[in-house]
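In case it helps, this note's numbering puts the sequence shown at residues 6 to 857.
Don't be surprised by glycine CBs; every beta carbon is placed ideally from N, CA and C.
Here is the structure we will look at.
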Amino acid sequence: MSKVQTIYLKDYKSPEFKIKNCDLVFELFEEHTQVTNMMHILKDNVNAKDLILDSVDLELVEMYLDDKKLEADSFVIEKESLKVLNVPDNFKLIIINKIYPHLNSELDGLYKSGNIFCTQNEPEGFRRITPYLDRPDVMAVFKTTVVANREKYPILLSNGNTATNFKLHDGRHGITWEDPHPKPSYLFALVAGDLGVVKDQFITASGKLVRLNIYTDKGNESKCSHAMKSLKEAMLWDEQKYGREYDLSLYNIVAVDSFNMGAMENKGLNIFNSAYVLADEDTASDANFMGIQSVIAHEYFHNWTGNRITCRDWFQLTLKEGLTVFRDQCFSADMNSAEVQRIEDVKALRERQFVEDASPTAHPIQPDSYMAINNFYTSTVYEKGAEIIRMIHTLLGEENYRKATDLYFDTFDGQAVRTNDFLWAMSEASGIDLKEFETWYHQSGTPSLHVEEEFADGVYTLTLTQEVPDAVDGSKQKPYYFPMKIALLNVDGVEILEETLIVSREKESFKFKVPVKPIVSINRDFSAPVIIKQEESNYAFLMKHDKNSFVRYESAQSFGVEVIESIMNGAEIDKKYLDAYKNILESDLDLSYKALLLELPSISSLMQRQKEVDFDLLYDAKEKLSLSLAQTFKDKLLEIYNTYHLPTCSDIDALNIGKRSIKNRCLRLLSELESDDIISLVTTQYNESLTMTDRVVALDILENISPEFAKPAQSNFYKKYKDDTLVMNKYFSILSASHRDGTLQRVIELQKDDAYNELIPNLVRSLIGVFARNYKHFHAKDGSGYKFVADKIIEIDKINPQMASGLSGAFKIYEKLNKVNKIAMKTELERVISTQSLSKNVYEIVSKIIKN
């Protein structure tokens, strides 16, 4: 693996050839697929001699250049390329090759998910289908003909609009699809299968009718209604907020079980992980419904921010992903509670991206190098990228931001561009210089902002000092430029002023004339992705008085962290915290928001603050606080639970989602008592509730506090849902996340369960992936958790390197561990990296951890 090639942004060269048209014919058989690829190619560099096409694991049948068959001395086949020698300036190239989709366990290129042929080509899957210039800055007009057995594969789909249908005498049939919009190969898609379909339509703002289809395995059609509703909401929202209409007459979505990612925005034919399409009240939780709404919107929004305008190279990935995540976050905020959505976005950022930013795999949102580009579909590129777009929105304001995005779409439609082009549009339309802001695109790590306060002679001085971490290679990094939204409150909690400051220097002070010393409310709405460090905290005051929903939540979390850390140091629980918690319990608030305020800090957020992590100490301290809260407020928690527990209500409107959120938050806290009355309450909730949300919460609680009562509930759940893969994901997740003794052994045994299949990524994520995030057992001091996950990485790497590298990420926190855990983890990391034929995906992640 020492020969793994590193790709650098600085080495980018524009393509020497461009492909004007690509006509494809796929003949699908059970044992193989024959692909005929007809390309019209033009030479862009007159000095170019040979055409080098990307080609991986393809069986070449024959090749023609301008209708002349090429002999063996006219081309060279190498491991990952096909070189055609001495090509003219303008020519047609026909390549016929075979592939074997039924053997493709990597789920990259063309493969089979159950009985469905489907594709995943982002970022570099198309080279596994046919030789091609498989890079995002080569955009061609595609025409695709799919031919297959008529009875087994009645549905044949590809990009664009249907052109022709035909039948063959041997029982096969075919459909030709034409996509008028030039696109890179990563947006190509194909699906063939015997599928059910849900149909609808949408009328665009200009009056054009768009036919909408969601395809799924037969029998699942009734689970597509929420996805269809979400799609139509997203189409309308994009017209209203961004002025973007859909540009084809047909929009297809296909749900498949075996998929490495969440979904893929292929032009006119989105292919989805079924977890983000299929839902009904019996099988999907409230979180599932919300996730479907978000991901459906995300992929639709890519039609303009990703498809019509794509990225020049993969180093620009955040150009489409960061922007589109920001768009889907804003959509979800408009469709639901904006304050809850903002908090959930920040929680996700901190749980995943802040951890990544503090690890050896930290990278800027625009990386400058990679070994395997699949490893950079990260929370940094996506979620941190979205925060950076949000800061641009804040700096420009809504009106200027809309002018800037209009300019971006008008200027770059149909092109493959860079992040610099997006920033140009933002500056050009608004008149705001973003040169200093560009630092966010090129530096890694999460900056901290130290807050100092001084009040004298009616002047309040707020001094902000940036602490910017070094890059992974040890090099120093520059201070950032960002908006910082603050407010000053008086002692009664009345807001004196609110202002968005521009922070641009390592240390700077801001002065305000005020009659009395104020209390500062800082980083309102999480205006910048930074860590706030304050000498003087007023958490209890802000929990009670701050009108900004994010700062109130942040204060509750920070106070909770402070109390848990004090417990770790042997102190008693601060009475001020109990009083502040009581105040929240008794406050009249949006129920979903109230549930978030009552949530204790996660182990992940606690771990991030430790210089040396001992998970046993963290768990013990958090459990002590949880138990104290349950004992102190048992009556009030029960009152809230009984008020909002409506077991026969399965409505998914905001009010009822809120009712379930708050009463389940109370039930989880009450479960710390492990008393018979609470166990009875939990068991009753499992037996009587109609919603998956309530049943999953009850199962999870029983698994952790009462094996005796958990067993019959789990048996009932398994019997009812064992044939439903999406629900079994929940089942495996609950068991692998368990804090009970013996969890690892149960996870090992569950791999033999009939419902588990190591070839289906969702199931691997729910069993192995969730266990790797189970800090209690993955980080067992005897190293057993590390050994198990390392074994699985080595094993799965031979099947699906993307899944294996995803599991490798669990080892990123190596340098934060205590000495005992470090020794055990290092042993397993060295074993993984010494494995013969290790993929570059896994090698890149593990080598960075070991090197650091």
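Valine 360 sits away from lysine 803, with the two beta carbons spaced by 8 Å or more.
Fewer than three beta-carbon pairs drawn from the segment 215-222 and the segment 165-176 are found closer than 8 Å, and the two stretches are therefore not classed as touching.
Counting along the chain, the unbroken alpha helix (DSSP H) around phenylalanine 722 starts and ends at 712-726. Here arginine 665 is near threonine 698, since their CB atoms are less than 8 Å apart.
In the structure shown, the three-state DSSP call for alanine 239 is helix.
DSSP places serine 453 inside the beta strand (DSSP E), whose first and last residues are 453-461. For serine 163, the enclosing beta strand (DSSP E) starts and ends at 160-163. Unbroken alpha helix (DSSP H) stretches of 4 residues or longer found wholly inside the segment 598-628: 608-613, given in chain order. Taking one beta carbon from each stretch, the segment 246-253 and the segment 745-757 have fewer than 3 pairs nearer than 8 Å; the two do not touch.
In the three-state reduction of the DSSP assignment, valine 775 falls in the helix class.
The three-state secondary structure of serine 19, taken from DSSP, is coil. Rounded to whole angstroms, the Cβ separation of glutamate 270 and histidine 307 is 4 Å, and the two are in contact under 8 Å.
By the CB criterion at 8 Å, asparagine 380 and isoleucine 850 fall inside the cutoff. Counted as a single uninterrupted DSSP element, the alpha helix (DSSP H) harbouring serine 789 occupies residues 789-802. The continuous beta strand (DSSP E) containing valine 66 extends over residues 64-70. Take glutamate 541, set aside five residues on each side of it, and the residues of its chain with a beta-carbon closer than 7 Å to its own are Glu458, in chain order. Histidine 178 sits in a strand when the DSSP states are folded into three classes. Exposure of glycine 479 is indicated by the presence of fewer than 16 other C-beta atoms within 10 angstroms of its C-beta.
For glutamate 559, DSSP records no beta bridge to any residue. Assignment of alpha helix (DSSP H) within the segment 370-431, counting only whole runs of 4 or more residues, yields 390-401 and 403-417 in chain order. In chain order, Leu672, Ser676, Ala703, Ile706 and Leu707 place their CB closer than 7 Å to the CB of valine 687, counting only its own chain and leaving out the 5 sequence neighbours on each side.
Counted as a single uninterrupted DSSP element, the beta strand (DSSP E) harbouring glutamine 125 occupies residues 121-125. Secondary-structure assignment with DSSP links histidine 45 through a beta bridge to Asn26 and Lys97. In this structure, the alpha-carbon of glutamate 617 lies about 30 Å from that of serine 374. Following the DSSP letters along the chain, one finds arginine 216 inside the beta strand (DSSP E) bounded by residues 214-222.
Valine 422 and lysine 552 have their C-alpha atoms some 41 Å from each other. With contact defined as three or more Cβ pairs closer than 8 Å, the segment 178-195 and the segment 157-168 are in contact. When secondary structure is reduced to three states using DSSP, asparagine 275 falls in the strand class. Taking the CA atoms as reference points, serine 655 sits about 35 Å from tyrosine 382. In the displayed model, cysteine 316 falls within a strand according to three-state DSSP. Residue pairing by DSSP places glutamate 513 opposite Leu469 in a beta bridge. Within its own chain, the residues whose Cβ lies closer than 6 Å to the Cβ of proline 766, once the five positions on either side in sequence are excluded, are Asn265 and Met808, listed in chain order. Tyrosine 791 is not a Cβ neighbour of glutamate 820, given a cutoff of 8 Å. The beta-carbon separation of leucine 283 and cysteine 229, rounded to 7 Å, stays under the 8 Å limit for a contact. Taking the Cα of valine 92 as reference, the smallest distance to any Cα among Ala626, Asn52 and Val61 is reached at Asn52. Comparing alpha carbon positions, the residue from Glu67, Ile121 and Ile297 closest to isoleucine 657 is Ile297.
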